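Residue numbers (the numbering used here): 2 to 99. Note that beta-carbon positions come from the ideal geometry of N, C-alpha and C, so glycine has one too. The model shown is predicted, which means the values in this text are computed figures rather than measured ones.
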């Protein structure tokens, strides 16, 4: 299943793991949970949910992209957090284009 494709609700509900995601009711919670799964850090899923709620989505997406493109990563979650910190410290020049 590709990320940008439209899917029938029946197919989405079939794939939904009701045992793992039973307390997820908001979009940011689902995004944070999927982020923790992708980074292999389910132990800290609450942290990723908080980041998904409070951090601009473009920063999270850029950090995830950085981790996906990196080779031989021992700890993807650590690399993600490092990159996210770098993005938060960086000046926001690309947002000021008019």
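Output the residue ranges of the alpha helix (DSSP H) runs that lie fully inside the segment 30-62 and measure 4 residues or longer, sorted by chain position. List check, alpha helix (DSSP H) in window: 46-55.
Given residue 63 as reference, the closest of 84, 32, 11, 41 once Cα atoms are compared: Taking the chain shown and counting its residues from 1, the one referred to as residue 63 is at position 62. The shortest C-alpha separation from residue 63 is found at 84.
Buried or exposed (CB count within 10 angstroms, at least 16 for buried), residue 24: Residue 24 sits at position 23 when you count from the first residue of the chain shown. It is exposed - the Cβ of residue 24 has fewer than 16 other Cβ atoms within 10 Å.
Unbroken alpha helix (DSSP H) run spanning residue 89, endpoints: As a first step, residue 89 must be located in the chain shown, where it is residue number 88. Here the alpha helix (DSSP H) through residue 89 covers 77-90.
Who are the Cβ neighbours of residue 38 in its own chain at under 6 Å, not counting the five residues just before and after it? Numbered from 1 along the chain shown, position 37 holds the residue referred to as residue 38. Same-chain partners within the cutoff: there are none.
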